[in-house]
Amino acid sequence: MGHHSSSDAATRRHKGIGARQVAAGTLVLLACGRGAPALATDLLYSLQSPSFGGTNSAPLTNAQYAASLKAQQAANAAAAKAASSSSTNSEFVSAITSQLTGLVAESIAQKIANSTNGQAGTIQSGGVSITYVNSDGELNVTITTPTGSTNLQIPVSTP
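Here our numbering is used: the first residue of the sequence shown is 9, the next is one more, and so on.
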C-alpha cells in the first residue's frame with residue numbers, strides 16, 4: 009500500500025469510513041464472489057386474505073353468512089312489523105265479529121229455548137237457516153248450512 013496524502017485521510021474520516029472498514033468491506037465482497045456461486049430462486053407470494061382469493065375462506069364465508077343472516081332478520085322484522093299493524097286490526101275486527109256473533113247466537117238460542125209447546129219458527133242469516141218446532145215435550149231444531157244440515161232433538165219439560 010502506498011502513502012496516502014493527509015487530505016485523503018481527512019476525507020475518509022470526514023465521511024466516517026476508516027481504512028480498516030474499507031478493507032473489511034472489500035474482503036467480504038471478494039469472499040462472496042469467490043465462494044459458492046450466488047443462487048436465485050423465484051419468489052412466490054400467496055394471498056392470505058380471503059377477500060382476494062386467499063387460502064382460508066372461512067372468515068369471508070362467515071362474514072358473508074352473517075351479513076345475509078342480518079339482512080334476512082331485518083327483512084323478517086320489517087315484515088312482522090307490517091303484518092302486526094294489519095294483524096292487530098284484523099284481530100280486533102275478528103274479536104268484535106266473534107262477540108257480536110256470540111250475542112246474536114245467544115239471543116236466537118234463548119228464543120228457541122223459551123218457546124212454548126206448539127211454537128215453531130225459522131230464522132235465516134246469510135246462507136244459514138235455523139228451523140225449530142216445540143211439540144209434545146220435544147224441541148226439534150234443524151240448522152241448515154251450504155255444507156249440510158244438523159238436527160237436534162232436545163227433551164223439554166212441560167209446565
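We put the CB at the ideal spot given by N, CA and C, even for glycine. Quick caveat: nothing in here was measured; it's all calculated off a predicted structure.
Check                                                                                                                                        : Outcome
Can you tell me the Cα-Cα spacing of Ser115 and Thr152, whole angstroms?                                                                     : 18 angstroms
What are the start and end residues of the beta strand (DSSP E) that includes Asn122?                                                        : Note, Asn122: premise wrong, no beta strand (DSSP E); not H, not E.
How many angstroms separate the CA atom of Ala74 from the CA atom of Phe100?                                                                 : 38 angstroms
Out of Ala128, Ala79, Gly134 and Leu52, point me to the one whose CA is closest to Asn148's CA.                                              : Ala128
Considering Cα atoms alone, identify which of Tyr140, Ser95, Ser157 and Ala79 is closest to Ser123.                                          : Tyr140
Tell me which same chain residues have a C-beta within less than 8 angstroms of the C-beta of Ala18, skipping the five on either side of it? : Reliability fails at Ala18, whose pLDDT of 48 lies under 50, so the model's placement of it is uncertain and no value is given.
When the distance is taken between beta carbons, is Asn142 closer than 8 angstroms to Gly156?                                                : no
Rank Ile104, Leu51, Ser106 and Ser165 by C-alpha distance to the C-alpha of Asp144 and give the top, closest one.                            : Ser165
Quick one: using the 10 Å Cβ neighbour count with 16 as the cut-off for buried, is Ile120 buried or exposed?                                 : buried
Measuring CA to CA, which of Val112, Gln161, Ala82 and Ser133 is closest to Glu146?                                                          : Gln161
Fully enclosed by the region 87-165, which beta strand (DSSP E) runs are 3 residues long or longer?                                          : 128-133, 136-143, 146-153 and 156-163
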